[in-house]
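S.K.: With positions in the sequence shown counted from 1, the corresponding number in this note's numbering is that position plus 91. We put the CB at the ideal spot given by N, CA and C, even for glycine. Before I ask anything, let me first share the structure, which is written out below as structure tokens.
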Amino acid sequence: MNYATNSNEEENINIQKYFFLFIKNWFWFTTAIVIAFVIVFLVNRYSSPVYEAKNTVIITEKEAAMGAMGTIMKEFGSLSGKSQNIENYIGILQSYTLVKQTLERLDYRVSYFHKGRVNNVEVFNRCPIRIELDTSHMQVEYENMYISILSETEYLLDIPRDSNAVTKKLLFNQKYESENYAFSVSKTDAFDIESIKETYIVRVNNYNRLTKQYLKELQVEASFRKGTIIDLTSRGTVPEKVVSFLNTLIDVAIENDLEEKNLTSYKTLEFIDNQLMNIVDSLNYAEQNLETFRSDNKIIDLSIEGSGLFKKIEDLQAKKSILDIRIKYYEYILETIQKNSNVQDIITPSVIGVQDPTLNSLINQLSALYAEKQIVEYSATGDNPGLKLINIRIRTTIDAIIDNVQNLITSAKIEAKEIAKEIDLVDSDIKKLPKTEREFINIQRRFELNNNIYNFLLQKSAEVGITKAANMPDLKFIDMAYIENVEKKSPKNVLNYIIGLFFACLLPGGFFILRDLLNNRIIEREEIEQKSSIPILGSVAHNKYKDEFIPVRKYLKSFITESFRTIRTNLSFFLPADKKTTIITFTSTISGEGKTYCAINLASIIAMNNKRVLLVGLDLRKPKLHEMLKKNSPIGISNYLVNRNTIDEIIVKTEDPNFDIIFSGPPPPNPLELIESEKFEEFVDKVKSLDYDMIVFDTPPIGLVADGLSVAKYADLNVFVIRQNYTHKNTLKFINDIYSENKVNDLCLLINDVKMINNYGYRYGGAYGHGQKEGYYDDEIEVEKNILKRFINIALNKQ
Numbered sequence: 092m093n094y095a096t097n098s099n100e101e102e103n104i105n106i107q108k109y110f111f112l113f114i115k116n117w118f119w120f121t122t123a124i125v126i127a128f129v130i131v132f133l134v135n136r137y138s139s140p141v142y143e144a145k146n147t148v149i150i151t152e153k154e155a156a157m158g159a160m161g162t163i164m165k166e167f168g169s170l171s172g173k174s175q176n177i178e179n180y181i182g183i184l185q186s187y188t189l190v191k192q193t194l195e196r197l198d199y200r201v202s203y204f205h206k207g208r209v210n211n212v213e214v215f216n217r218c219p220i221r222i223e224l225d226t227s228h229m230q231v232e233y234e235n236m237y238i239s240i241l242s243e244t245e246y247l248l249d250i251p252r253d254s255n256a257v258t259k260k261l262l263f264n265q266k267y268e269s270e271n272y273a274f275s276v277s278k279t280d281a282f283d284i285e286s287i288k289e290t291y292i293v294r295v296n297n298y299n300r301l302t303k304q305y306l307k308e309l310q311v312e313a314s315f316r317k318g319t320i321i322d323l324t325s326r327g328t329v330p331e332k333v334v335s336f337l338n339t340l341i342d343v344a345i346e347n348d349l350e351e352k353n354l355t356s357y358k359t360l361e362f363i364d365n366q367l368m369n370i371v372d373s374l375n376y377a378e379q380n381l382e383t384f385r386s387d388n389k390i391i392d393l394s395i396e397g398s399g400l401f402k403k404i405e406d407l408q409a410k411k412s413i414l415d416i417r418i419k420y421y422e423y424i425l426e427t428i429q430k431n432s433n434v435q436d437i438i439t440p441s442v443i444g445v446q447d448p449t450l451n452s453l454i455n456q457l458s459a460l461y462a463e464k465q466i467v468e469y470s471a472t473g474d475n476p477g478l479k480l481i482n483i484r485i486r487t488t489i490d491a492i493i494d495n496v497q498n499l500i501t502s503a504k505i506e507a508k509e510i511a512k513e514i515d516l517v518d519s520d521i522k523k524l525p526k527t528e529r530e531f532i533n534i535q536r537r538f539e540l541n542n543n544i545y546n547f548l549l550q551k552s553a554e555v556g557i558t559k560a561a562n563m564p565d566l567k568f569i570d571m572a573y574i575e576n577v578e579k580k581s582p583k584n585v586l587n588y589i590i591g592l593f594f595a596c597l598l599p600g601g602f603f604i605l606r607d608l609l610n611n612r613i614i615e616r617e618e619i620e621q622k623s624s625i626p627i628l629g630s631v632a633h634n635k636y637k638d639e640f641i642p643v644r645k646y647l648k649s650f651i652t653e654s655f656r657t658i659r660t661n662l663s664f665f666l667p668a669d670k671k672t673t674i675i676t677f678t679s680t681i682s683g684e685g686k687t688y689c690a691i692n693l694a695s696i697i698a699m700n701n702k703r704v705l706l707v708g709l710d711l712r713k714p715k716l717h718e719m720l721k722k723n724s725p726i727g728i729s730n731y732l733v734n735r736n737t738i739d740e741i742i743v744k745t746e747d748p749n750f751d752i753i754f755s756g757p758p759p760p761n762p763l764e765l766i767e768s769e770k771f772e773e774f775v776d777k778v779k780s781l782d783y784d785m786i787v788f789d790t791p792p793i794g795l796v797a798d799g800l801s802v803a804k805y806a807d808l809n810v811f812v813i814r815q816n817y818t819h820k821n822t823l824k825f826i827n828d829i830y831s832e833n834k835v836n837d838l839c840l841l842i843n844d845v846k847m848i849n850n851y852g853y854r855y856g857g858a859y860g861h862g863q864k865e866g867y868y869d870d871e872i873e874v875e876k877n878i879l880k881r882f883i884n885i886a887l888n889k890q
């Protein structure tokens, strides 16, 4: 047998059920919404706002940016910087070192706050005072100093945590010094008459700690656009500070980039200048000797033979001087590497005229490795595997450079010896010339040698100067951060109200739904209809008249009386119409579900309709019928079943001539045997023969004893009482099993103690409802006038 409806119908019922559940508990939702809105208002009003600024930079490629100049620079061999990929620059821009440099440049060592009634607001560039710290003195950091402006000339200083607990008046620009502080306070351009009587909080920051704070708020990432564009965003409570920080961060990065590019040029110029200083004195001396010799010996020019020999030896000496410079450069490389001093700053070989491609490649590779190492060191420790690998590659490259340079020195020295031999041969020919001409050639040779070296060095110096002038940073602004473009990130006023409303509905709603889902008692009529196909006779309204067990006789126009009238009417659809006398049994699963109460009142309401009714108390174990009716019961059906009394003797008349009662009598030791005896069958036949339209049996709970099942076979209708918010949900399975196994025929359900809700019917959409304003019933639904009591009743789900 199918005891449930389809899932779509159940879902619709649940939606309706929870809708009325929430309507019923409107008080809690209203309270939660009011509390949530108050909290949101306070959050929006007193939270420090957080702003976000953004700027954008692009990484330019050197060759693309420099055009034809890039080709010239390649010929000079002095493109000192390497093309950095976007990942490297992201690492640099969010490095600890760069952020700290930026904060130091901006002088964010001191923070200023305007003291408010509830919270303190940081001010920037608008503070009327400025602290001048004595950098040679210790300053306690992150402790509040209160400065109250008293007049245009003096202020009150309050340092609660100073060793002397200072509170004193000071003049502007007057130095204050203690064990923990040394500073003076001056006025800024923002100082005006309105600044007087205002109080400001001053706090000395620590750059290391401040750097970590700014790093947390700094976000650097590649733009969603293709190319080498980087977006930088940062957040803070003062928009001007955030904008200044982002723009200055890029300025410092550009300066560092350009400084690094120019570093090789500076080193090269330094090397050339040192060589020029060594050659200038020799050149001046040689020039002076040449002029003196010419003047003294009246020599204007050499002979044809002497000119030829001079030309030869001049060319040879020029070659040898270049070799000597190259050897000095090689020795400079070895010395720098062996001392491990600024290895990454070694002068590019092509600048000195060394066109060895292997050495050029190794020097550039070494410089690139050191640049990569510097980037990794920003965010990695010494145990980082990537850093260890870079160090191994650097060591390998240095070893290769040493081997290459040593080979180049050996080769250069061999070549220099060969040139020296050629010079010696030419010298032997010069010695054959006349003495005066021979001496003139030697003097002029020394002059031309120094002059050629000097000109060569000047040429290289000019080339390096051109390179230096042409150096451009790889970073370039696309969009700077502007105060007009700063976006407020929090608090989001409207969003906060939406979130507050959401949680204000979610918390009480979730609580009531969870409570409903965890409740294992039957609440709704729909729950019964979904899980059982047993017909429902009707619903009995909650009895608000606690001391009245038969309210149908006293409160004729009450809700409860009307609910029993409805059940009386519904009986015509359940009972056979052709029988003179019908039998109804009332039972339940456990004690306390109201079967006896329902039996008495239904019997009474039927009797009030001019029907003869006999109510029989068959709960022989725990009889309660006589207690509810407040009558003594010395005898009853138990006396009849043991042949002690007749039927006429056990029937009790009531004030209503249509309503008679047979009580249970003294509890017997064997109630089930008496119920299943032939004597009980005889009793049923006799009472049916009497002049009664209906006989009502009040039987024991069948969930506890089997007495009720034994009586059920005599009934035309068996009524199983379920009490709202009392009967357990698994009771329905028990009833369904009895019904499906045909243990009880002609079974129906009666829902007892259904509470009514103002204007919404029984519970929240359960059974038939009655509005309180219809004017037909005497008893209106109670509305507690005591607010506290009403609050408690709502909390306890008591209407």
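Would you please state the rounded distance, in angstroms, between the beta carbons of V787 and L693? I believe it to be under 8 Å.
M.R.: That pair is a contact at about 7 Å.
S.K.: Pick out whichever of K403, D198, C218 has its Cα sitting closest to the Cα of L301.
M.R.: D198
S.K.: Just curious, the alpha helix (DSSP H) that H717 is in, first and last residue?
M.R.: 716-719
S.K.: Rounded to the nearest angstrom, what separates T279 and S242 at their Cα positions?
M.R.: 14 Å
S.K.: Helix, strand or coil: how does DSSP classify I218 here?
M.R.: One point to set straight first is that residue 218 is Cys, not Ile, in the sequence displayed. Three-state DSSP puts C218 in coil, outside helix and strand.
S.K.: Roughly how far, in whole angstroms, is the beta-carbon of A313 from the beta-carbon of I177, given that I think they are within contact range, below 8 Å?
M.R.: 6 Å
S.K.: On the three-state DSSP scale, how would you describe K583?
M.R.: When DSSP states are grouped into helix, strand and coil, K583 belongs to the coil group.
S.K.: For the beta strand (DSSP E) containing T324, list its first residue and its last residue.
M.R.: Segment 320-327, the beta strand (DSSP E) holding T324.
S.K.: Distance, Cα to Cα, I604 vs L705?
M.R.: Each residue's CA atom was taken as its position, placing I604 and L705 some 45 Å apart.
S.K.: Buried or exposed for K358, going by 16 or more other Cβ atoms inside 10 Å?
M.R.: buried
S.K.: Just to confirm, are E245 and K259 a CB contact at a threshold of 7 Å?
M.R.: no
S.K.: Which term fits K824, buried or exposed, when burial requires 16 or more other beta carbons within 10 angstroms of its beta carbon?
M.R.: exposed
S.K.: Give me the DSSP bridge partner(s) of H819.
M.R.: R612
S.K.: Do T151 and K567 count as a contact pair if the criterion is CB distance below 7 Å?
M.R.: yes
S.K.: Between which two residues does the alpha helix (DSSP H) containing L112 stretch?
M.R.: DSSP places L112 in the uninterrupted alpha helix (DSSP H) bounded by 98-115.
S.K.: With distances taken Cα to Cα, identify the nearest neighbour of A806 among L765, N584, F665.
M.R.: F665
S.K.: From the DSSP output, read off the bridge partner residues of D249.
M.R.: Y237, T258
S.K.: What did DSSP end up calling R703 once you bin it into helix, strand or coil?
M.R.: coil
S.K.: Using the DSSP secondary-structure output, state which residues sit across from L406 in a beta bridge.
M.R.: At residue 406 the sequence reads Asp, which differs from the Leu that was named. Per DSSP, none; premise fails for D406.
S.K.: Would T449 and I437 qualify as a contact pair, given that the criterion is a beta-carbon distance under 7 Å?
M.R.: no
S.K.: Residues in the same chain with beta-carbon distance under 8 Å from A759, minus the five sequence neighbours each way, listed in chain order, please.
M.R.: Residue identity check: residue 759 is Pro in the sequence provided, not Ala. Cβ neighbours of P759 beyond the five flanking positions: L711, S729, L732, V733, L765.
S.K.: Would you identify the three-state DSSP class for T290, choosing helix, strand or coil?
M.R.: strand
S.K.: Decide if M236 is buried, meaning its Cβ has at least 16 other Cβ atoms within 10 Å, or exposed.
M.R.: buried
S.K.: Quick check on DSSP: helix, strand or coil for F167?
M.R.: Because F167 carries a pLDDT of 36, less than 50, the predicted location of this residue cannot be relied on, and the following value inherits that uncertainty. Correct three-state label for F167: helix.
S.K.: If you follow the alpha helix (DSSP H) that I675 is in, where does it begin and where does it stop?
M.R.: Looking at the DSSP string, I675 is not in any alpha helix (DSSP H); the run it does join, the beta strand (DSSP E), is 673-678.
S.K.: Could you tell me the alpha carbon to alpha carbon distance between I345 and S202, rounded to whole angstroms?
M.R.: 27 Å
S.K.: Would you tell me roughly how many angstroms separate the C-alpha atoms of T319 and N179, rounded to the nearest one?
M.R.: Note on geometry: alpha-carbon atoms of T319 and N179 lie some 11 Å from one another.
S.K.: Provide the residue span of the alpha helix (DSSP H) that contains S695, from first to last.
M.R.: 686-698
S.K.: Could you tell me which of D837, N297, N661, F362 sits nearest to E232, measuring between CA atoms?
M.R.: N297
S.K.: Would R300 count as contacting chain B if we go by Cβ distances under 7 Å?
M.R.: Here there is only one protein chain, and chain B is not present.
S.K.: Quick check on the burial criterion: 16 or more other C-beta atoms within 10 angstroms. Buried or exposed for V190?
M.R.: Classification of V190: buried, given that the 10 Å Cβ count is 16 or more.
S.K.: Would you identify the three-state DSSP class for L732, choosing helix, strand or coil?
M.R.: Three-state DSSP puts L732 in a helix.
S.K.: For S202, is the beta carbon positioned less than 6 Å from some heavy atom of the ligand NAD?
M.R.: This structure does not include the ligand NAD; it has no bound ligands of any sort.
S.K.: Identify which residue in V496, I181, K686 has its Cα closest to the Cα of V311.
M.R.: I181
S.K.: With which residues is C839 paired in a DSSP beta bridge?
M.R.: V810
S.K.: Please go through the stretch 334-363 and give each complete beta strand (DSSP E) segment of 3 or more residues, from N-terminal end onward.
M.R.: List check, beta strand (DSSP E) in window: nothing returned.
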